[in-house]
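First comes the structure, then the notes that go with it.
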Amino acid sequence: MIAEVEERSVVSSEPQRRRPSPKSAPPRPELPVDDAMEAWGQPLAPVKDLDDVARRYPGRKLTLEGERKPLEFYGRPDQPNAFSMDSLEFLFLIAQYFREALPLRMILLLIACQRAGGRIYLTQDEMATVLDVSRTKASETLQVIMGHGIVFKVKRGCYQFNPPYSYRVAEFIPGTETAGTKGKGEYVKVEQYDTITKIRNDANLPDLVRFPSLESMRQAIEKLRQERAEERAVRRLERAQRQEEGVVAQ
């Protein structure tokens with residue numbers, strides 16, 4: 239009897255009520271868009287993918303790119319990683335236009351000796367020495383190059399490369415005690431746009447320099463190709479005629 243009472247007290251015949259389900263956790267606040275400092279104290283909602291983040295912050299740029307590595311160029315200790323920006327179309331056309339090596343060598347020399355802003359501080363004697371040609375030959379070649387508006391003379395021993403063809407934006411000048419930089423050096427940068435604007439506003443310069451164009455060079459290349467094609471056709475015709483005359487004579 240006592241056991242039955244104990245059993246009824248432990249197991250009730252009344253249906254058990256279900257326990258109320260726990261309330262869902264309140265949504266986590268979004269990261270403030272305009273207050274970066276406040277974001278450090280706010281809990282963040284988990285991010286499923288970048289598309290989800292992009293939808294939440296439409297004005298932000300998202301990327302998974304790796305760290306950008308510095309450019310590497312062979313150079314002298316006093317000019318590490320020195321380089322110029324060159325128009326590929328310009329290089330492509332001069333490789334076809336100039337049939338001799340010296341003009342191309344001269345252009346490469348001028349590109350290599352650019353300072354920040356495209357200035358080239360070389361005398362014609364120095365050009366001749368580097369290229370191992372006579373001064374007369376160097377002068378004639380330089381005049382041909384200048385005739386196409388590729389470079390122009392600023393003053394004696396100073397030339398300017400036309401910015402749309404080749405341009406050096408910046409350079410590092412090592413410091414010296416006399417320069418007042420206390421050995422730290424100086425980083426010089428000249429924007430291409432500023433140089434182009436200055437050249438175009440100089441009415442004393444030829445139009446081909448102020449408004450450079452490679453169209454005349456393109457036309458000369460096509461004319462030369464057409465002439466060579468006609469010459470090859472004449473030679474083929476003459477060769478065929480000689481062969482025919484030889485057959486008839488036999």
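What the sequence shown shows, in this note's numbering, is residues 239 to 488, in sequence order.
Even glycine gets a Cβ: it sits at the ideal position worked out from N, Cα and C.
Tell me which same chain residues have a C-beta within less than 7 Å of the C-beta of N480, skipping the five on either side of it?
One detail in the question is off: residue 480 reads as Arg in this sequence, not Asn. The answer is none, since no qualifying residue turns up.
Tell me the rounded alpha-carbon separation between K375 and K461.
26 Å
Any contact between the segment 328 to 337 and the segment 353 to 369? By contact I mean 3 or more CB pairs, one from each, below 8 Å.
no
Any contact between the segment 456 to 475 and the segment 380 to 392? By contact I mean 3 or more CB pairs, one from each, below 8 Å.
no
Those residues which DSSP pairs with I358 across a bridge:
Q352, Y397
If we ignore side chains and look at the alpha-carbon of each, how far apart do M344 and L300 end up?
For the pair M344 and L300, the Cα-to-Cα distance works out to about 46 Å.
Going by DSSP in three states, V389 sits in which element: helix, strand or coil?
strand
Starting from V285, trace the alpha helix (DSSP H) in both directions and tell me its first and last residue.
Taken as a continuous stretch (DSSP letters only), V285 belongs to no alpha helix (DSSP H), as it is neither H nor E.
Please report the residue range of the beta strand (DSSP E) in which E409 lies.
408 to 411
Is the CB-CB distance between P341 and G387 below 9 Å?
Result no, Cβ atoms of P341 and G387 do not sit closer than 9 Å.
Between Y405 and S322, which are expected to be in contact by the criterion C-beta below 8 Å, what is the C-beta distance as a whole number of angstroms?
Taking a contact as a CB-CB distance under 8 Å, the pair Y405 and S322 counts as one, their CB atoms being some 6 Å apart.
With 16 other CB atoms within 10 Å as the buried threshold, where does N442 fall?
exposed
Where E424 falls: helix, strand or coil (DSSP):
strand
Between the Cα of R314 and the Cα atoms of Q362, L475, A350, which residue gives the shortest distance?
A350
Neighbourhood of A320 by C-beta, 6 Å cutoff - its chain only, sequence neighbours within 5 removed:
Listed in chain order, the non-local C-beta contacts of A320 below 6 Å within the same chain comprise G313, local neighbours out to five positions each way being set aside.
What are the boundary residues of the alpha helix (DSSP H) that Q430 is part of?
430 to 438
So, using beta-carbon positions, are P412 and I437 closer together than 9 Å?
No, they are not a contact pair.
Between I358 and Q398, is the Cβ-Cβ spacing less than 9 Å?
yes
Cβ distance (whole Å) where F328 is taken to contact L452 below 8 Å
7 Å
When we look at the beta-carbon of A417 and count the other beta-carbons within 10 Å, is it buried (16 or more) or exposed?
With a pLDDT of only 49 at A417, under the threshold of 50, the placement of this residue in the model should not be trusted; the figure read from the coordinates follows. Exposed is the call here.
Minimum C-alpha distance to L302 - residue among L309, V291, R466, P308
V291
Taking C-beta to C-beta, are F410 and Q352 nearer than 9 Å?
no
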